[in-house]
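Residue numbers (my numbering): -19 to 239.
Yeah, the Cβ is synthetic: ideal placement off N, Cα and C, and Gly gets one too.
Computed from a prediction, not measured in an experiment: that's the story for all the values here.
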């Protein structure tokens, strides 16, 4: 099994790209939780905000098709859902941005997060218009996965996201590349980087997202950091797990794959 998840992956890749990164979340006191904690520390990510709770650590069982694309088989939230404390919110002031995923179930705290620092939010494949506009108006960066969309559907999604009020919008399209927009005033297109020996596409989008977020926060030119984002995302596809650190599968997760 491999540590991962959208926000956890972004925290690790941001650290790899030279940012000071911290992870705020909740895991259990089990083998999967130990794997996550150890991996984060090995990657130089601050884990002082990492909680431990009785129960099981959240996990997904993921398969792969013939092309190496991920296929989600099953999932369990475990103890991952938590309530941010006043200490957590106050701590955000020390950071240039916070990154939140749509699956984190933290939408009620979006305004509070945005009041403390820049907010980056990954919708994944959740393209509900009301959701995008409700969250996007509080965001510095919103990220959406548009893989599999035809050109017309992609354009519609991008325009919808651009109109949400977010400062920046990123829509990734897998092998079709990605587009970054500053509220519709200008768009930057990134071509996909050819990956040799694709094994596992899991985490490629998170790699891309992290490089874009770090680049924006550093005021880098999108024309420079987008090709780099494509290259490192392609590299992520050449090994299992988003960022490695695989360990033997925990017994409770083995049980979910054999029934």
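Would you kindly report the start and end of the unbroken beta strand (DSSP E) that includes residue 103? 98 to 104
Is residue 131 helix, strand or coil when you go by DSSP? helix
Using only CA atoms, which one of 132, 95, 125 lies nearest to residue 117? 95
What are the boundary residues of the beta strand (DSSP E) that includes residue 153? Premise fails: residue 153 is in no beta strand (DSSP E) and is neither H nor E.
Among 125, 12, 147, which has the Cα closest to the Cα of residue 186? 125
Going by DSSP, what residue range makes up the beta strand (DSSP E) through residue 167? 167 to 170
Quick one: grab the DSSP three-state call for residue 40. strand
With DSSP run on the structure shown, which of helix, strand or coil describes residue 107? coil
Please tell me whether residue 135 and residue 163 are closer than 8 Å, where the distance is taken between their beta carbons. no
Determine the extent of the alpha helix (DSSP H) in which residue -4 is found, giving its start and end residues. -14 to -4
Determine the contact status of residue 191 and residue 212, defining contact as a CB-CB distance below 8 Å. yes
Burial state of residue -2 (16 or more Cβ within 10 Å): exposed
Please state if the CB of residue 170 and the CB of residue 209 are separated by a distance shorter than 8 Å. yes
Check for me: the beta strand (DSSP E) holding residue 161 runs from which residue to which? 158 to 161
For residue 27, count the other beta carbons within 10 Å of its own beta carbon; 16 or more makes it buried, fewer makes it exposed. Which is it? buried
Do the region 0 to 18 and the region 58 to 73 make contact, defined as three or more Cβ pairs closer than 8 Å? yes
Grab the span of the beta strand (DSSP E) containing residue 121 for me, first residue to last. 121 to 125
Given residue 189 as reference, the closest of 158, 200, 5, 128 once Cα atoms are compared: 158
Quick test of your reading: residue 86 and residue 107, contact by CB under 8 Å. State the CB separation rounded to the nearest angstrom. About 19 Å separates the two Cβ atoms, so there is no contact after all.
In angstroms, rounded to a whole number, what distance separates the CA positions of residue 128 and residue 144? 22 Å
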